[in-house]
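Novice: Read left to right, the sequence shown gives residues -20 to -1, 1 to 143 (mature numbering (1 follows the signal peptide of the UniProt record, and there is no 0)). Using N, Cα and C, we set each Cβ at its ideal position, and we do this for glycine too.
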Amino acid sequence: MKKKSILALALMTLMSTSIFMIGCSGSNNGATGNRANNATSKINQGINEVGQEFHFDTATFVDNIKGSGYDITNYSVEENLPGSAVATSYSLGNDKVYVYQYNTRNDLHQDIMTLAELKKNGINDEFSNVSHYYKQGKLLIRYEGTNSENLSHFDKSFGNLFI
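Okay, here's the thing in structure tokens:
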């Protein structure tokens, strides 16, 4: 009986040691290091993207559009809107673009929720039936138009439509 216990204990020790050695081998250390470096890189990339999105304002929006070869013309600014938004209106060819810059992301989120609720209930916004909404940073971008090239640029630059 004692012999079987010692043999079982020796086998368990041998198995534990071999599992430990395999798990801590030098070839695995590089993979673990690579995973840690990749995770650190992704975190830093995410922080940079959030920082860039946070600083995305109306001037950056205009620079983005002009930098892509579009002719955009500012034709009005409305600062006395309810809430904390400042609206700037632009002409993009025959189409219109309205950029609402909010003081806080929370104010932007509240307006987005209101728009989404209206759409869900089948109520179109009072502006036009061809409104396409995008969000970037603290901006709500409303594109009124059907030009497929413009829509493609907005999708690539500002993400998919959210409403």
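Would you check if there are 3 or more beta carbon pairs closer than 8 Å linking the stretch 130 to 137 to the stretch 84 to 97?
Specialist: No: the two stretches stay apart, fewer than three of their Cβ pairs being nearer than 8 Å.
Novice: State buried or exposed for Lys46, treating a residue as buried only when at least 16 other CB atoms are found within 10 Å of its CB.
Specialist: Exposed.
Novice: Bridge partners of Asp75, per DSSP?
Specialist: Paired residues: Leu72.
Novice: According to DSSP, is Leu131 part of a helix, a strand, or is it coil?
Specialist: Three-state result, Leu131: helix.
Novice: Only counting the same chain, and skipping five residues up and downstream in sequence, which positions put a Cβ closer than 6 Å to that of Thr38?
Specialist: Taken in chain order, the residues that qualify are Thr68, Val79 and Gln81.
Novice: Identify the continuous beta strand (DSSP E) that holds Val110 and give its terminal residues.
Specialist: From DSSP, Val110 is part of no beta strand (DSSP E); its letter is neither H nor E.
Novice: Near Asn44, which residues of its chain fall below 8 Å by C-beta distance, leaving aside the five closest residues on each side in sequence?
Specialist: Correct list, in chain order: Ser137.
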